[in-house]
Amino acid sequence: MKAITYISAFLGGAIVGCGAALLFTPEKGSTIRERLVKMLRRRGVKLSDEEVDALVAELSAGE
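Structure (structure tokens):
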């Protein structure tokens, strides 16, 4: 193949990959924390900001 074909394929793949990444990116961390706090408060659990941060860190670590 020609070098131009390789470059075109690479650029096309990069553009498709960037588009897919933007479409499938999860919500911002602050939004998820707010939703988590609201959900817990509806169930009668009240946590401080530090406790929520620790809970999110524990959940994201997979432990």
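If you count the sequence shown from 1, position 10 lands on 306 in the numbering used here, and the numbers rise without skipping. In this text, a Cβ means the ideal position worked out from N, Cα and C, and glycines have one as well. As the structure is a computational prediction, the values presented were derived from the model and not from experiment.
Residues near residue 349 in its chain [Cβ-Cβ closer than 8 Å; skip 5 each side]: Within the sequence shown, residue 349 is the residue found at index 53, counting from 1. Cβ within range, chain order: 329.
Residue 351 and residue 343 closer than 8 Å at C-beta: As a first step, residue 351 is located in the sequence shown; it is residue number 55 there, counting from the start. As a first step, residue 343 is located in the sequence shown; it is residue number 47 there, counting from the start. For residue 351 and residue 343, yes; Cβs fall inside 8 Å.
Alpha-carbon to alpha-carbon, residue 301 and residue 366: The requested residue 366 does not occur in the structure, where the chain is confined to residues 297 to 359.
DSSP state of residue 330 mapped onto helix, strand, coil: Locating residue 330 in the sequence shown gives position 34, where the first residue counts as 1. Helix.
Residue 355 - containing alpha helix (DSSP H), residue span: As a first step, residue 355 must be located in the sequence shown, where it is residue number 59. Looking at the DSSP string, the run of the alpha helix (DSSP H) that includes residue 355 is 345-357.
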